[in-house]
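Under our numbering, the letters of the sequence shown match residues 203 to 339, in that order.
Here the structure comes first, spelled out in structure tokens, and everything after it is commentary.
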Amino acid sequence: MATRFGFWFGAVAVVVVVEGIGGLPASAQDGFPFGLEMTLDAPPQPGSKRVPSLEIGDSGEAKLELWCKGGKGQFSVAGNTVIFAAGPLEDRSCPPEKAQADDDLVAALSAATTWERQGDAVSFAGPTTLRFHLNTN
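Pasting the structure below:
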């Protein structure tokens, strides 16, 4: 009798988990953009055509090309929770205003705690929300 109860309890737990997955928001169903490149939804800095981009590998490794600096980092994702850990950035003799903008962008990305995807738009939210567009070409 105890084994039947255990079996039915397990079966009910599986149904609850499956129902919970079916009820996830659409953003989570679209999936985190592993293996994709995206561009920040921001205008270029004065005197430049460059806009920051992220290339996220299949295991969460990230390549950052900012307004002036570049570097690497790592994304860890669980559901809609995200953690970004930045690696060292390559300075590239940036003017002070671009260097500060790059540092601020990396700080905002590192402070993000959640992510959301709606079609080709990916947002990272924390004290500041950063919006990126997937490069679909």
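Cβ atoms here follow ideal geometry from the backbone N, Cα and C, with glycine treated the same way.
Residue i bridges to which residues according to DSSP?
i, result
"G237", "Answer by DSSP bridge pairing: none, since G237 is not bridged."
"T331", "A327"
Please look up how many angstroms separate the CB atoms of residue i and residue j, rounded, as I've assumed it's under 8 Å.
i, j, result
"A235", "L332", "It should be pointed out that residue 235 corresponds to Pro in this sequence rather than to Ala. Not really, about 13 Å apart at Cβ, beyond 8 Å."
"T304", "C270", "For the sequence presented, residue 304 should be read as Asp rather than Thr. Going by Cβ atoms, the distance from D304 to C270 rounds to 6 Å, so yes, they are a contact pair."
"F334", "V284", "12 Å between Cβ atoms; not a contact."
"G272", "E292", "5 Å"
"G289", "F277", "Wrong, their Cβ atoms sit about 12 Å apart, outside the cutoff."
Residue i: which of the options sits nearest, CA to CA?
i, options, result
"G233", "W317, F334, P248", "W317"
"L242", "G249, E267, G262, D260", "E267"
"A314", "E263, D322, N282", "N282"
"M240", "V324, A288, G273", "V324"
"G321", "A309, T338, T330", "T338"
"S274", "V308, T330, G328, L238", "The residue you asked about is not Ser; residue 274 is Lys in the sequence shown. Checking every option, the nearest Cα to that of K274 belongs to V308."
"P328", "F286, R252, G249", "It should be pointed out that residue 328 corresponds to Gly in this sequence rather than to Pro. Taking only the C-alpha atoms, the option nearest G328 is F286."
"L311", "K265, T330, Q302", "T330"
"A264", "V279, P246, S250", "V279"
"V253", "D260, P245, K300", "P245"
"D260", "K251, L238, Q247", "L238"
*4 or more residues per run - each alpha helix (DSSP H) lying fully within the segment 241-315*: 298-313
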